[in-house]
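So the structure is just underneath, and the comments pick up after that.
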Amino acid sequence: MVLLLRKIKQHRWYKELAKPFLEADDIPADPFGDLQTTENLLSVWEVHEDRSNLVRVVRAVAMGGQRIDHTGYILFDSVHLDAAGIELQQNEGRSDDKGANGWHRDLVLSGKKLLALAKLLLEHGETGTITKPELVDAVEEGIRSGELPESCRKKRSGG
Amino acid sequence: MSNTDFNETALSPGDKAIQAESSTALPQDTIETSRRRAKWLAALVLGAAISTGQVPPFTHPYGRRREEFPAESSTLAAGVDPVLLQNVKDLFEKGASEFFHDGMDSNFSRSLLSLLGSRAADALSAIAEYLSGNEGNPEVVSEALRWVAEFGGPDTLPKRWSILRRGLKSRFPVVRDGAILGFAALDDPRAHSLLLEARESEQIRELQLLIERVAARLEHRR
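Quick mapping for you: the protein sequence lines, in order, are chains A and B.
Residue numbering for the first sequence is 1 to 159, as defined by our numbering.
Residue numbering for the second sequence is 1001 to 1222, as defined by our numbering.
Pasting the structure below:
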């Protein structure tokens, strides 16, 4: 099993609120705000089956922002991509964590596939949020261990 | 009832002003008798209505719903600069047109921080007052709670705490999400019991798990 992670704002994906849409064979529109593509590619990250690299991956994604903040994510099994005919490409990430960049992937999407992806994420995805204090600790640990460069400390303090 | 309940010293400044300015003011003893009768009649009517279940016993005097961010005390609203309150209202309304991302600044967050930077305590009072009126786009309110939590030092903590605590009771899940994350950012173990209490009434599974995650960290820090 290969798990894939996408950064989201968690409240847009509450299953309870999505349930009436799914029962009507539809989906809510809000989740699309977290599925912005560039050149028909959607950035995702691979997470180990035992989730041992989950916080490290979220940290790498969070470091792409202007400052360290609470960071929401959705996690799903890549097996569902086959049914939707979605191709997975292995493209190196560009985060500050060089060791994590090898876990970066892109989903190749069209409009129809994007819709199918949103539906499968709502049906099978698992959301969560790593809080800011947890990420601040993780950044500090990353700098100490050499996984992150010293310059990341600026984002840690919001600057 | 004491004998001084309706004497002149018990009159409000407004009552006195009306008395002084009216050329047709009634004699004081007539006013007092009339007030006693009116008060007795009002109590009788209200009591009868409550006993028959026609009105809820604790209706807000102005009939305004205040389940969102109910005012904690009457002193909160007192002294809020109306101009500042209008600025806050404008700011929150403009924010409704924005799309927020975790870890990214927005025009709303920049303006909010600027307002807090210039008028910290007063701005927090104005925000609390604004939110007490059930107003605001839930997503903007949620975003605001995340920023408000982290702004300022110990002097403004009670106000920020109060705003976040009320946010935990919002009927909008997104607002509760902002309040939980606000408490997470404070990283203050004193919020532990408050969060456990919120966990009891939380219906959204994702928010239950988020509360548990934050509470576990705070428990560990105690």
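From the three backbone atoms N, C-alpha and C, an ideal C-beta is built for every residue, glycine too.
CB contact check: residue i to chain B, cutoff 8 Å
i                        : result
isoleucine 74 of chain A : no
proline 31 of chain A    : no
lysine 9 of chain A      : yes
alanine 118 of chain A   : no
arginine 67 of chain A   : yes
histidine 70 of chain A  : yes
Beta-carbon proximity of residue i to residue j, cut-off 8 Å
i                             : j                           : result
phenylalanine 1172 of chain B : tyrosine 1130 of chain B    : no
alanine 138 of chain A        : arginine 59 of chain A      : yes
glycine 1178 of chain B       : valine 1214 of chain B      : no
alanine 118 of chain A        : phenylalanine 32 of chain A : yes
valine 1174 of chain B        : histidine 11 of chain A     : yes
leucine 75 of chain A         : glycine 125 of chain A      : yes
glycine 142 of chain A        : aspartate 1102 of chain B   : no
threonine 127 of chain A      : tryptophan 13 of chain A    : yes
leucine 122 of chain A        : alanine 84 of chain A       : no
glutamate 1098 of chain B     : serine 1106 of chain B      : yes
arginine 1146 of chain B      : glycine 1182 of chain B     : yes
arginine 6 of chain A         : glutamate 46 of chain A     : no
valine 44 of chain A          : leucine 114 of chain A      : no
asparagine 1137 of chain B    : glycine 1095 of chain B     : yes
leucine 1210 of chain B       : isoleucine 1163 of chain B  : no
phenylalanine 1100 of chain B : glutamate 1150 of chain B   : no
leucine 1116 of chain B       : alanine 1126 of chain B     : no
Min CB distance residue i to chain A below 8 Å
i                          : result
isoleucine 1127 of chain B : no
glutamate 1068 of chain B  : For glutamate 1068 of chain B, the predicted model reports a pLDDT of 38, less than 50, meaning its position is unreliable and no value from the coordinates is stated.
histidine 1101 of chain B  : yes
aspartate 1188 of chain B  : no
isoleucine 1204 of chain B : yes
proline 1173 of chain B    : yes
leucine 1196 of chain B    : no
leucine 1210 of chain B    : yes
arginine 1217 of chain B   : yes
aspartate 1155 of chain B  : no
leucine 1112 of chain B    : no
leucine 1181 of chain B    : yes
DSSP three-state assignment for residue i, whether helix, strand or coil
i                             : result
valine 139 of chain A         : helix
arginine 1222 of chain B      : coil
glycine 128 of chain A        : strand
isoleucine 1180 of chain B    : helix
threonine 38 of chain A       : strand
valine 47 of chain A          : strand
phenylalanine 1100 of chain B : coil
isoleucine 1127 of chain B    : helix
phenylalanine 1092 of chain B : helix
aspartate 1122 of chain B     : helix
arginine 1213 of chain B      : helix
arginine 1171 of chain B      : coil
leucine 109 of chain A        : coil
glutamate 16 of chain A       : helix
leucine 88 of chain A         : strand
aspartate 30 of chain A       : helix
lysine 7 of chain A           : strand
phenylalanine 21 of chain A   : helix
isoleucine 1204 of chain B    : coil
histidine 1192 of chain B     : helix
Cβ neighbour criterion (16 or more within 10 Å) applied to residue i
i                         : result
glutamate 1219 of chain B : exposed
proline 1082 of chain B   : exposed
lysine 1039 of chain B    : Confidence in lysine 1039 of chain B is poor, its pLDDT being 45 and thus under 50, which makes the residue's placement too unreliable to answer from.
alanine 1121 of chain B   : exposed
proline 20 of chain A     : exposed
glycine 93 of chain A     : buried
glutamate 16 of chain A   : exposed
serine 1114 of chain B    : exposed
alanine 1185 of chain B   : buried
alanine 1216 of chain B   : exposed
arginine 1166 of chain B  : buried
threonine 1059 of chain B : Unreliable positioning characterises threonine 1059 of chain B in this predicted model, as indicated by a pLDDT of 32, which lies under 50. A coordinate reading is not provided.
lysine 132 of chain A     : buried
Inset, instruction - Taking 8 Å as the threshold, find out whether the stretch 17-25 of chain A comes into contact with the stretch 39-49 of chain A through three or more Cβ pairs. - result: no
Inset, instruction - Please confirm if the stretch 55-66 of chain A is in contact with the stretch 87-105 of chain A, defined as three or more CB-CB distances below 8 Å between the two stretches. - result: yes
Inset, instruction - Indicate whether the contact test is met: 3 or more Cβ pairs, each with one atom in the stretch 1192-1199 of chain B and one in the stretch 1148-1160 of chain B, closer than 8 Å. - result: no
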